[in-house]
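Asker: What follows is a single structure, and I will ask about it in a moment.
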Amino acid sequence: MSRFRLNRKQKIVRNLLACGLLGLAVYAMLGFPPYTVRGMLDRVERRYLLSDLEPLLVERSSRKYSNQFYKNHDNYLLAKSGDTYVYTMYTRSLLRVRPEYGRNLKMGSGALCTARDGTMYVAGPFQTAASATAEVTAQKTTQYYTQATDTWETVRGESHTFTFQGERLGEELFSFRYRAEDHHASWALEGVPESEYDLENAAEEWYSSYWIDLPETGGGRGLLHADLPVHVTLYDEAGNLLNTLDLTVDTYELHFRY
1024 MSRFRLNRKQ KIVRNLLACG LLGLAVYAML GFPPYTVRGM LDRVERRYLL SDLEPLLVER
1084 SSRKYSNQFY KNHDNYLLAK SGDTYVYTMY TRSLLRVRPE YGRNLKMGSG ALCTARDGTM
1144 YVAGPFQTAA SATAEVTAQK TTQYYTQATD TWETVRGESH TFTFQGERLG EELFSFRYRA
1204 EDHHASWALE GVPESEYDLE NAAEEWYSSY WIDLPETGGG RGLLHADLPV HVTLYDEAGN
1264 LLNTLDLTVD TYELHFRY
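Right, here's the structure in full:
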């Protein structure tokens, strides 16, 4: 009895099917990670009970740690669903995709303010606005924790308001560059007067927390989470006032690069 033999084309088809099934199995083992913007937004919709998310801003960047031979690819997404705005990130490392890696999703109703890598973004129904300004107020804030009494003491100092001119990125989005052209990196701030700080420097240097009775910490300083007030003013083409918004942005958003 002769044995059935596959010809060359049939072997190619067989191998392609085997590769496809293997790829599908690996994809399933990874938890069906989203690799496209649409897939990421679909995942956000399911997780946060939203629908029809429309992307307003998509930014991509990559970074590599010294102990890695591959790069991490970050996707930053600002999107809207009705009058709800969300900002989130997805990080891909090889085939693995992790949502909200490095920062949590931020959501706002009616408008949203967020920041990343020296630029602040304000999203909202700005179709009739021709220009915008943003005022961000930073105030020196230090918290001291005493373990013996389990209490926090907050000490506040001087404040400063930074003003920025907006750039329109779309009908519902303005950006504001808050990292100065002569920005001083954190490791180079020694000897720099505070009057020369930009908003990024203030967010890093003016918000601190200390555990004062824990010797094992060495009195180390932590960066304090704090919401900074953001006052946005919208103008029409003639320069007339249209509307104002009072939003907030977190110190971590202003300081960290991702």
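Using our numbering, you'd call the opening residue of the sequence shown number 1024 and step up by one each time. Cβ atoms here follow ideal geometry from the backbone N, Cα and C, with glycine treated the same way. None of the values given here were measured: they were computed from a predicted structure.
Between the beta-carbon of Leu1277 and the beta-carbon of Glu1219, is there less than 8 Å?
Answerer: Start at 1 with the first residue of the sequence shown, and residue 1277 comes out as number 254. Start at 1 with the first residue of the sequence shown, and residue 1219 comes out as number 196. No, they are not a contact pair.
Asker: What do you get for Leu1270, buried or exposed, if any count of 16 or more other CB atoms within 10 angstroms of its CB means buried?
Answerer: In the sequence shown, residue 1270 corresponds to position 247, counting from 1. Buried, because 16 or more other Cβ atoms sit within 10 Å of the Cβ of Leu1270.
Asker: By the 10 Å Cβ neighbour count, where 16 or more other Cβ atoms means buried, how is Trp1229 classified, buried or exposed?
Answerer: By one-based count along the sequence shown, residue 1229 stands at place 206. Trp1229 comes out buried.
Asker: On the criterion of 16 or more Cβ atoms from any shown chain inside 10 Å, does Leu1101 qualify as buried, or is it exposed?
Answerer: Mapped onto the sequence shown, residue 1101 falls at position 78. Its Cβ being crowded by 16 or more others within 10 Å, Leu1101 is buried.
Asker: Would you kindly work out how many angstroms separate the C-alpha atoms of Asp1106 and Thr1137, rounded to a whole number?
Answerer: Taking the sequence shown and counting its residues from 1, the one referred to as residue 1106 is at position 83. Taking the sequence shown and counting its residues from 1, the one referred to as residue 1137 is at position 114. Roughly 16 Å between the two C-alpha positions.
Asker: Looking at the strands, I want to know which residues DSSP matches up with Asp1273.
Answerer: The sequence position of residue 1273 within the sequence shown is 250, counting from 1. Paired residue(s): Asp1250.
Asker: Would you call the stretch 1197-1217 and the stretch 1171-1189 in contact, with 3 or more CB pairs under 8 Å?
Answerer: yes
Asker: Nearest by alpha-carbon distance to Leu1268: which of Lys1032, Leu1257, Ala1261 and His1207 is it?
Answerer: For the purposes of this step, residue 1268 is identified with residue 245 of the sequence shown, where counting begins at 1. Considering only alpha carbons, the answer is Leu1257.
Asker: Are the beta-carbon atoms belonging to Leu1064 and Leu1072 less than 8 Å from one another?
Answerer: Counting from 1 along the sequence shown, the entry for residue 1064 is found at position 41. Counting from 1 along the sequence shown, the entry for residue 1072 is found at position 49. For Leu1064 and Leu1072, no; Cβs fall outside 8 Å.
Asker: What number of angstroms, rounded off, separates the C-alpha of Glu1195 from the C-alpha of Ile1235?
Answerer: Stepping through the sequence shown from its first residue, residue 1195 is reached at position 172. Stepping through the sequence shown from its first residue, residue 1235 is reached at position 212. If you take the alpha carbons of Glu1195 and Ile1235, they lie about 46 Å apart.
Asker: Could you round the C-beta distance between Glu1158 and His1254 to whole angstroms and report it? I think they count as a contact, below 8 Å.
Answerer: As a first step, residue 1158 is located in the sequence shown; it is residue number 135 there, counting from the start. As a first step, residue 1254 is located in the sequence shown; it is residue number 231 there, counting from the start. Yes, Glu1158 and His1254 are in contact; Cβ-Cβ is about 4 Å, under 8 Å.
Asker: How would you call Gly1147, buried or exposed, if buried means at least 16 neighbouring beta carbons within 10 angstroms?
Answerer: Looking up residue 1147 in the sequence shown gives position 124. Result: buried.
Asker: Spatial neighbours of Gly1131 within its chain, please: CB distance less than 7 Å, with the 5 preceding and 5 following residues excluded, ordered by chain position.
Answerer: Here the question's residue 1131 lines up with position 108 in the sequence shown. Exclusion of the five residues before and after Gly1131 leaves Tyr1108 as the residues of its chain whose Cβ lies within less than 7 Å of its Cβ.
Asker: Give the C-beta separation of Val1060 and Val1081 to the nearest angstrom, bearing in mind that I take them to be a contact with Cβ-Cβ under 8 Å.
Answerer: Taking the sequence shown and counting its residues from 1, the one referred to as residue 1060 is at position 37. Taking the sequence shown and counting its residues from 1, the one referred to as residue 1081 is at position 58. Right, the Cβ-Cβ distance comes to about 6 Å (below 8 Å), so this counts as a contact.
Asker: Is Leu1053 buried or exposed, if buried means 16 or more other CB atoms sit within 10 Å of its CB?
Answerer: Numbered from its first residue, the sequence shown carries residue 1053 at position 30. Here the model assigns Leu1053 a pLDDT of 47, short of 50, so the residue's position is not dependable and the matter cannot be decided.
Asker: Going by DSSP, what residues sit across from Phe1187 in a beta bridge?
Answerer: Position 164 of the sequence shown, counted from the first residue, corresponds to residue 1187. DSSP output for Phe1187 lists Ala1157 as bridge partner(s).
Asker: Helix, strand or coil for Leu1222? Go by DSSP, reduced to three states.
Answerer: Residue mapping note: residue 1222 aligns to position 199 of the sequence shown, counting from 1. DSSP places Leu1222 in helix when its eight states are reduced to three.
Asker: Look at Thr1111 and Leu1135 and say whether their C-beta atoms are less than 8 Å apart.
Answerer: In the sequence shown, residue 1111 corresponds to position 88, counting from 1. In the sequence shown, residue 1135 corresponds to position 112, counting from 1. Contact flag unset, no.
Asker: Would DSSP call Asp1097 helix, strand or coil?
Answerer: For the purposes of this step, residue 1097 is taken as the residue at position 74 of the sequence shown. The answer is strand: DSSP assigns Asp1097 an E or B state.
Asker: Would DSSP call Leu1064 helix, strand or coil?
Answerer: Taking the sequence shown and counting its residues from 1, the one referred to as residue 1064 is at position 41. Reduced to three states, the DSSP call for Leu1064 is helix.
Asker: Using 8 Å as the threshold, is the C-beta distance between Asn1095 and Ser1085 below it?
Answerer: Counting from 1 along the sequence shown, the entry for residue 1095 is found at position 72. Counting from 1 along the sequence shown, the entry for residue 1085 is found at position 62. Going by C-beta atoms, Asn1095 is nearer than 8 Å to Ser1085.
Asker: My guess is that Tyr1168 and Tyr1233 are in contact by the Cβ rule of under 8 Å, so how many angstroms apart are they, rounded?
Answerer: Taking the first residue of the sequence shown as position 1, residue 1168 is located at position 145. Taking the first residue of the sequence shown as position 1, residue 1233 is located at position 210. About 7 Å separates the two Cβ atoms, so the contact holds.
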